[in-house]
Amino acid sequence: MTAIEVGDHFDYHEYREGLKLLQETRETTHLANRAGFDCPACGRSFEKLLVTEKRTNTFNSPPGPFCLVRTDDQMLVLTH
Ligand SMILES: [Zn+2]
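Under the numbering used here, the first residue of the sequence shown is numbered 161, with each subsequent residue one higher.
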């Protein structure tokens, strides 16, 4: 499967056919991977993707491994 491409800015609308929107606020977007996209950090398929523009974030510990990807103005958290 293809990996999502992350450059200066990540726009999930480019992957709308495969990323299901779970929740969206002004600065944070939660997405579920419905198309088996691969993680841009480790190359394995991920389950969920959080995109945040907030400067600080606090999370509950995910149940498995997770990857972090940074753009110029966002942090992406991918759970496996
Ligand atoms: Zn990964």
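Quick reminder that beta carbons are idealized off the backbone N, C-alpha and C, glycines included.
beta-carbon residue i near ligand 1 non-hydrogen atom, thresh 6 Å
i, result
"residue 201", "yes"
"residue 238", "yes"
CB of residue i within 7 Å of CB of residue j, strictly
i, j, result
"residue 166", "residue 200", "yes"
"residue 185", "residue 211", "no"
Where residue i sits in the DSSP three-state scheme
i, result
"residue 240", "coil"
"residue 190", "strand"
"residue 213", "coil"
"residue 174", "helix"
Extent of the continuous beta strand (DSSP E) run through residue i
i, result
"residue 219", "Per DSSP, residue 219 belongs to no beta strand (DSSP E) and is neither H nor E."
"residue 207", "That residue, residue 207, is in no beta strand (DSSP E); it is neither H nor E in DSSP."
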